[in-house]
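Asks:
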Amino acid sequence: MKVKCYIQGMAAISPQSTFEGDITNMPLVRTESNRLACIEPDYKPYIPANSLRRMTRILKMGLTAALKCLAESGVSTPGPIVTGTGKGSLQDTEKFIKEIEQYKETALNPTPFIQSTYNSVNGLIALQQQGTDYNNTFVHRGFSFENALVDSMMLLQEGYTHTLTGGFEEITPEHFYIKSRIGHWRTEPVANTDLFNQELPGTIAGEGSTFFVLGAEANEHSIAALSACKLLYKPDPMQLTATLRELGADADLIISGTNGDSNHAHYYHLLNNTLTQPSIPFKHLCGEYETAGAFALWLAASLLKAGTIPSALFPMVQQLPSNFKKIVIYNHFYGEQHTVMVVERV
Amino acid sequence: MEELKKKLKEQIIEALNLQDTKPEDIDDNAPLFGEGLGLDSIDSLELMVLLERQYGIKVEDPREGRKILQSVQSMAEFIQSKQQPA
């Protein structure tokens, strides 16, 4: 999809101190285990106490990031709300399933059931902001956020002035364990800052909630322009090479989804061989999860806004470029869902 | 009865995650919904589940439920009436 739209506001809750939004002064948060957990903000300024008591982590993170994003953009009532999530509220899902077993399918609490649905975050945003427009959540594994993005771009093309678009994911101890059984994570603990020292099977888990207000026209709030988003399902090397060349040939900087996982590293080797511009990783900041692409987009827009790449966040990169106007993000989710986004300075 | 009401208040606080509320903050006769604790319709379902899980009492008739869940006092009286041997 090649339609230009503009990021008018954004907010991210991640394992780094991203919520305040100033990337230039952000320290790199080091995590020694294989599971990166979000640094959660104080939710009370954003969510009424009576609602807060019922919400699990991801609902609070999703709603708060969305509200902060709206506040930054100057938009009070969102138009279309379009999000992507791979797993939705895992905590509620796990609670509900455990209670089915514990109480033999009787006397089940309604709250975890209601909130375990993927579109709970969207519903909460709409309720709190009185938004009655288009409301959709995409649940397509590693394509979840990017599908929300493509849908938002099409809505803007159809005439909407702006959309609230986001991606959110949480990792629970239970889900971390399940994914470890299928080899998603490193078997030995590795610090996020050491993730790229060696390519070995598995990577580190992560989570996050990232929202954007996208607009059809540039205005005084515009942070960056998103000019393309392409999705490729299990591409062959020729397809992938052609797409990277098509979208990335004139980029100044590459943001790579490389995650140190030797099982799927060959795609990132292909990226490095195809596009030789300076490249920076991002998974050491947020970990691996279905909607990590949303964090990468936030990072790209933040770097374009700052006009510089803070060396504290990328100690593994020898030379960071100082002048960049066009960034290409390439990411894939366990070799299946591949995505390429192009972000430009406004 | 007093012991039951104290226990019930603790269970309500836990089930509804009423942060910053202590058992002594809940008046026995204060309405649970609207004013008082300010609970809503989802909370009423949670309280029904509480009665079933903690006391083995299933409220079949929603109209009956409305009366039972008026206050801690009405809930305790209902539980006691069900627990008394016939």
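Protein chains in written order, with the numbering used here: chain A, 13 to 358; chain B, 79 to 164.
Ideal Cβ placement from N, Cα and C applies to all residues, glycine included.
Computed from a prediction, not measured in an experiment: that's the story for all the values here.
Answer yes or no: does any C-beta atom of chain B fall closer than 8 angstroms to that of Thr76 (chain A)?
Replies: As a working note, residue 76 (chain A) is residue 64 in the first sequence. Output row for Thr76 (chain A): interface = no.
Asks: Starting from the C-beta of Glu84 (chain A), find all residues in its chain whose C-beta is less than 6 angstroms away, skip the five residues before and the five after it, and write them out in chain order.
Replies: Taking the first residue of the first sequence as 1, we reach residue 84 (chain A) at position 72. Contacts found: Gly21.
Asks: Near Ala318 (chain A), what residues of its chain come up, given a Cβ to Cβ distance below 7 angstroms and the 5 sequence neighbours on each side ignored?
Replies: The residue you call residue 318 (chain A) lines up with position 306 of the first sequence. Around Ala318 (chain A): Ile35, Thr36.
Asks: At 8 angstroms on the CB atoms, spell out the chain B contacts of Arg65 (chain A), in chain order.
Replies: Position 53 of the first sequence, counted from the first residue, corresponds to residue 65 (chain A). Listed along chain B are Leu94, Asn95, Leu96, Gln97, each with a C-beta nearer than 8 angstroms to that of Arg65 (chain A).
Asks: Give the interface partners of Pro122 (chain A) over in chain B, defined as CB-CB distance under 8 angstroms, in chain order.
Replies: In the first sequence, counting from the first residue as 1, residue 122 (chain A) sits at position 110. Neighbours of Pro122 (chain A) on chain B, chain order: Ile120, Leu123, Glu124, Val127.
Asks: Going by DSSP, what residue range makes up the alpha helix (DSSP H) through Cys298 (chain A)?
Replies: For this step, residue 298 (chain A) is matched to residue 286 along the first sequence. Residue range 295-298 is occupied by the alpha helix (DSSP H) that includes Cys298 (chain A).
Asks: For the pair the region 91-104 of chain B and the region 215-230 of chain A, tell me if three or more CB-CB distances fall below 8 angstroms.
Replies: no
Asks: Please tell me whether Arg144 (chain B) has its Cβ less than 8 angstroms away from any Cβ of chain A.
Replies: In the second sequence, counting from the first residue as 1, residue 144 (chain B) sits at position 66. It does not: the Cβ of Arg144 (chain B) has no partner Cβ on chain A nearer than 8 angstroms.
Asks: Among the candidates A:Ser239, A:Glu300, A:Lys295, A:Thr253, whose CA atom is the shortest distance from the CA of His281 (chain A)?
Replies: Numbered from its first residue, the first sequence carries residue 281 (chain A) at position 269. Among A:Ser239, A:Glu300, A:Lys295, A:Thr253, the Cα nearest to that of His281 (chain A) belongs to A:Thr253.
Asks: Alpha carbon to alpha carbon, what distance is there between His196 (chain A) and Pro333 (chain A)?
Replies: Here residue 333 (chain A) refers to the residue found at position 321 of the first sequence. Here residue 196 (chain A) refers to the residue found at position 184 of the first sequence. Our two residues, Pro333 (chain A) and His196 (chain A), have alpha carbons roughly 32 angstroms apart in a direct line.
Asks: Quick check on the DSSP output: the beta strand (DSSP E) that includes Asn147 (chain A) runs from which residue to which?
Replies: Numbered from 1 along the first sequence, position 135 holds the residue referred to as residue 147 (chain A). From DSSP, the beta strand (DSSP E) with Asn147 (chain A) extends over 147-150.
Asks: If you measure beta-carbon to beta-carbon, which residues of the region 95-124 of chain A are closer than 8 angstroms to chain B?
Replies: Tyr115, Thr118, Ala119, Leu120, Asn121, Pro122, Thr123
Asks: Which residue wins for smallest C-alpha separation from Gly171 (chain A), given the options A:Gly91, A:Glu117, A:Lys107, A:Ile183?
Replies: Working through the first sequence from its first residue, we reach residue 171 (chain A) at position 159. For Gly171 (chain A), the nearest C-alpha among the options comes from A:Gly91.
Asks: Which of helix, strand or coil does DSSP assign to Ser221 (chain A)?
Replies: As a working note, residue 221 (chain A) is residue 209 in the first sequence. Residue state, collapsed to three classes: strand.
Asks: If I measure Cβ to Cβ from Leu71 (chain A) and keep anything under 7 angstroms in the same chain, skipping five residues before and after, which residues do I get?
Replies: Counting from one through the first sequence, the residue named residue 71 (chain A) turns up at place 59. Apart from sequence neighbours up to five positions away, the residues of its chain that approach Leu71 (chain A) with a beta-carbon distance below 7 angstroms are Ser101, Gln127, Ser132, Val133, Leu136, ordered along the chain.
Asks: Mind listing the chain A neighbours of Gly116 (chain B)? Cutoff is C-beta to C-beta under 7 angstroms, in chain order.
Replies: Within the second sequence, the letter at position 38 stands for residue 116 (chain B). In chain order: Asn62.
Asks: Say whether chain A places a C-beta atom closer than 8 angstroms to the C-beta of Ala131 (chain B).
Replies: Here residue 131 (chain B) refers to the residue found at position 53 when the second sequence is read from its first residue. Per the sequence presented here, residue 131 (chain B) reads as Arg, with Ala not at that position. Yes, Arg131 (chain B) counts as interfacial toward chain A.
Asks: For the alpha helix (DSSP H) that Ile190 (chain A) lies in, which residues bound it at each end?
Replies: Position 178 of the first sequence, counted from the first residue, corresponds to residue 190 (chain A). 185-193 is the extent of the alpha helix (DSSP H) around Ile190 (chain A).
Asks: Just the C-alpha distance for Ala78 (chain A) and Thr184 (chain A), rounded to the nearest angstrom, thanks.
Replies: In the first sequence, the residue the question calls residue 78 (chain A) occupies position 66. In the first sequence, the residue the question calls residue 184 (chain A) occupies position 172. The straight-line gap from Cα to Cα measures roughly 22 angstroms.
Asks: In chain order, what residues of the same chain have a beta carbon less than 6 angstroms from the beta carbon of Leu316 (chain A), not counting five sequence neighbours either side?
Replies: In the first sequence, counting from the first residue as 1, residue 316 (chain A) sits at position 304. The residues are Ala236, Arg357.
Asks: Are the CB atoms of Pro60 (chain A) and Thr76 (chain A) nearer to each other than 8 angstroms?
Replies: Locating residue 60 (chain A) in the first sequence gives position 48, where the first residue counts as 1. Locating residue 76 (chain A) in the first sequence gives position 64, where the first residue counts as 1. Cβ atoms of Pro60 (chain A) and Thr76 (chain A): not closer than 8 angstroms.
Asks: With a threshold of 16 other CB atoms inside 10 Å of the CB of Asp104 (chain A), please say whether the residue is buried or exposed.
Replies: The sequence position of residue 104 (chain A) within the first sequence is 92, counting from 1. So Asp104 (chain A) ends up on the buried side.
Asks: Taking 8 angstroms as the cut-off, decide whether the C-beta atoms of Val354 (chain A) and Leu309 (chain A) are in contact.
Replies: By 1-based counting over the first sequence, the position of residue 354 (chain A) is 342. By 1-based counting over the first sequence, the position of residue 309 (chain A) is 297. No. Outside cutoff.
Asks: Between Gly214 (chain A) and Asp273 (chain A), how many whole angstroms is the CB-CB distance? I'm expecting something under 8 angstroms.
Replies: Along the first sequence, one-based indexing puts residue 214 (chain A) at 202. Along the first sequence, one-based indexing puts residue 273 (chain A) at 261. Rounded, the Cβ-Cβ distance is 6 angstroms, consistent with contact.
Asks: Where does Glu302 (chain A) land, buried or exposed, given buried means 16+ other C-beta within 10 angstroms?
Replies: Along the first sequence, one-based indexing puts residue 302 (chain A) at 290. By the neighbour-count rule (16 or more Cβ atoms within 10 Å), Glu302 (chain A) is buried.
Asks: Span of the beta strand (DSSP E) holding Phe180 (chain A)?
Replies: Here residue 180 (chain A) refers to the residue found at position 168 of the first sequence. 174-181 is the span of the beta strand (DSSP E), which, as asked, contains Phe180 (chain A).
Asks: Taking just the CA atoms, how far does Ser88 (chain A) sit from Ile194 (chain A)?
Replies: Against the first sequence, residue 194 (chain A) aligns to sequence position 182. Against the first sequence, residue 88 (chain A) aligns to sequence position 76. Roughly 43 angstroms between the two C-alpha positions.
Asks: Work out the CA separation of Leu94 (chain B) and Tyr133 (chain B) for me, nearest whole Å.
Replies: As a first step, residue 133 (chain B) is located in the second sequence; it is residue number 55 there, counting from the start. As a first step, residue 94 (chain B) is located in the second sequence; it is residue number 16 there, counting from the start. Cα-Cα distance, rounded: 17 angstroms.
Asks: Rank A:Ala49, A:Ala240, A:Ser291 by C-alpha distance to the C-alpha of Thr270 (chain A) and give the top, closest one.
Replies: Numbered from 1 along the first sequence, position 258 holds the residue referred to as residue 270 (chain A). Among A:Ala49, A:Ala240, A:Ser291, the Cα nearest to that of Thr270 (chain A) belongs to A:Ser291.
Asks: Evaluate Ile266 (chain A) with the Cβ neighbour count: other Cβ atoms within 10 Å of its Cβ, from every protein chain shown; 16 or more gives buried, anything less gives exposed.
Replies: Here residue 266 (chain A) refers to the residue found at position 254 of the first sequence. Buried is the call here.
Asks: Residues in its own chain within less than 6 angstroms of Leu40 (chain A) by CB, not counting five upstream and five downstream?
Replies: Taking the first residue of the first sequence as position 1, residue 40 (chain A) is located at position 28. Answer for Leu40 (chain A): Ala324, Leu325, listed in chain order.
Asks: Give the secondary structure of Phe336 (chain A) by DSSP, where H, G and I count as helix, E and B as strand, and everything else as coil.
Replies: Counting from one through the first sequence, the residue named residue 336 (chain A) turns up at place 324. Here Phe336 (chain A) sits in coil by DSSP.
Asks: In terms of residue numbering, what span does the beta strand (DSSP E) encompassing Cys17 (chain A) cover?
Replies: For the purposes of this step, residue 17 (chain A) is taken as the residue at position 5 of the first sequence. That run of the beta strand (DSSP E) goes 17-25.
Asks: Measure the C-alpha to C-alpha separation of Glu124 (chain B) and Lys110 (chain A) and round it to an integer number of angstroms.
Replies: By one-based count along the second sequence, residue 124 (chain B) stands at place 46. By one-based count along the first sequence, residue 110 (chain A) stands at place 98. Answer to the nearest angstrom: the Cα atoms are 17 angstroms apart.
Asks: How should Asn285 (chain A) be labelled, buried or exposed, when 16 other C-beta atoms within 10 angstroms of its C-beta is the threshold for buried?
Replies: In the first sequence, the residue the question calls residue 285 (chain A) occupies position 273. That one is exposed.
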